[in-house]
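Visitor: This is the structure I want to talk about, given as structure tokens.
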Amino acid sequence: MIMKKIWIVLLPLALMAGGCGFDNYDEPQSKLFGRVTYNGEALGVRGTGEAVQLQLYQDGYELRNPIPVYVAQDGTFEATLFDGEYKLVTRDNNGPWVNDRDTTVVDLRGTTNVDIEVTPYFTLSDVSLALNGNALSASFQIDQVVEDGAVDYAMILVSKTAFVDDVVYIVREDLSDPEAGTTITQSVDLSGNGDFNAGAPLFARVGVRPVGKDQAIYSQVVKLR
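Residue numbering for the sequence shown is -22 to -1, 1 to 203, as defined by mature numbering (1 follows the signal peptide of the UniProt record, and there is no 0).
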């Protein structure tokens, strides 16, 4: 009977001590910041729905599942991690660029900044987006980067938030067979859109989708009003 009383008292104490041990694990505090770039310039991508992803691997662990790192619409990314050496790659067949998947070794100590250089099939230049009465006036050029790349379609997108892509928009105008290397101009009528007529804030960007790729390349977001 005495033994039973001792165990009844000690068991809760042991559980409490064990619980304290579980709660005392340090959380990761080091920061990895970076950009997905071409020729040193950040590339615009779809930023919603975790659509564009990088992957981090760390050697020396039994579980080799990658740590996902999601790319924001302006081409930046960040992750909170433990100090250590990591290998950073693009996700297989994800993104509007050549699927090279070159490895970037990251030695993380405190705060580290890194650029991931990729080769997009196309870039966008000379982008102009502005309201003109009840219409959006758009002008841009599609620049060929990969010689055998082909354009599936281009798009002009308007959103009432700063998040703009082929999923988040209130107005979308697709352009079939746009020609790379020439200036493309288009007027998009907004007069029938309720958010436009209600005076909502408006943001816009253009995008071009390469044939055979799961994502488009985008211009940076422009605030129209």
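Quick reminder that beta carbons are idealized off the backbone N, C-alpha and C, glycines included. Computed from a predicted model, the values in this text were never measured in an experiment.
Applying the 10 Å Cβ sphere with the 16-neighbour rule, what's the burial state of ASP143?
Guide: In the sequence shown, the residue the question calls residue 143 occupies position 165. The residue is buried, with at least 16 neighbouring Cβ atoms inside 10 Å.
Visitor: Ignore the nearest five residues each way along the sequence and tell me which others in PHE174's own chain have a CB closer than 6 Å to its CB.
Guide: Here the question's residue 174 lines up with position 196 in the sequence shown. Taken in chain order, the residues that qualify are LEU168.
Visitor: Is GLY(-2) buried or exposed, if buried means 16 or more other CB atoms sit within 10 Å of its CB?
Guide: As a first step, residue -2 must be located in the sequence shown, where it is residue number 21. In this prediction, GLY(-2) has a pLDDT of 49, which is less than 50 and means its spatial position is unreliable; what the coordinates show is noted afterwards. Exposed, by the Cβ-count rule.
Visitor: Starting from PHE118, follow its DSSP beta bridges and name the residues at the other end.
Guide: Here residue 118 refers to the residue found at position 140 when the sequence shown is read from its first residue. Beta-bridge pairing links PHE118 to ILE162.
Visitor: Taking buried to mean at least 16 other C-beta atoms within 10 Å of its own C-beta, is THR68 buried or exposed?
Guide: What you label residue 68 is simply residue 90 of the sequence shown in a count that begins at 1. The residue is buried, with at least 16 neighbouring Cβ atoms inside 10 Å.
Visitor: Between GLN7 and chain C, is any beta-carbon pair separated by less than 8 Å?
Guide: No chain C is part of this structure, which consists of one protein chain only.
Visitor: Go to ASN175, then tell me how far its alpha helix (DSSP H) extends in each direction, as first and last residue.
Guide: Within the sequence shown, residue 175 is the residue found at index 197, counting from 1. Counting along the chain, the alpha helix (DSSP H) containing ASN175 begins and ends at 172 to 175.
Visitor: Please state whether the Cβ-Cβ distance between VAL189 and ALA128 is less than 8 Å.
Guide: Taking the sequence shown and counting its residues from 1, the one referred to as residue 189 is at position 211. Taking the sequence shown and counting its residues from 1, the one referred to as residue 128 is at position 150. Yes, Cβ-Cβ distance for VAL189 and ALA128 is below 8 Å.
Visitor: Within 10 angstroms of the Cβ of GLY53, are there 16 or more other Cβ atoms? Answer buried if so, exposed if not.
Guide: As a working mapping, residue 53 is identified with position 75 in the sequence shown. Answer is buried; the Cβ neighbour count reaches 16.
Visitor: Could you tell me which residues DSSP pairs with PHE60 in its beta bridges?
Guide: Counted from its first residue, the sequence shown places residue 60 at position 82. Paired residues: none, contrary to the question.
Visitor: On the DSSP letters alone, give me the boundaries of the beta strand (DSSP E) that ALA194 sits inside.
Guide: In the sequence shown, residue 194 corresponds to position 216, counting from 1. Counting along the chain, ALA194 falls outside any beta strand (DSSP E), and DSSP gives it neither H nor E.
Visitor: When you compare only the Cα positions, how much space is there between residue 205 and ASN91?
Guide: Because the chain here runs from -22 to 203, residue 205 falls outside it and cannot be looked at.
Visitor: Hey, out of PHE181, LYS9, LEU135, whose CA is closest to ARG87's CA?
Guide: As a working note, residue 87 is residue 109 in the sequence shown. Of the candidates PHE181, LYS9, LEU135, the one whose C-alpha sits nearest the C-alpha of ARG87 is LYS9.
Visitor: Does the separation of the CB atoms of ASP121 and ALA158 fall below 8 Å?
Guide: Translated into positions along the sequence shown, residue 121 becomes position 143. Translated into positions along the sequence shown, residue 158 becomes position 180. Taking 8 Å as the Cβ cut-off, ASP121 and ALA158 qualify as a contacting pair.
Visitor: Would DSSP call ALA140 helix, strand or coil?
Guide: On the sequence shown, position 162 is the one that residue 140 refers to. It is coil, neither helix nor strand.
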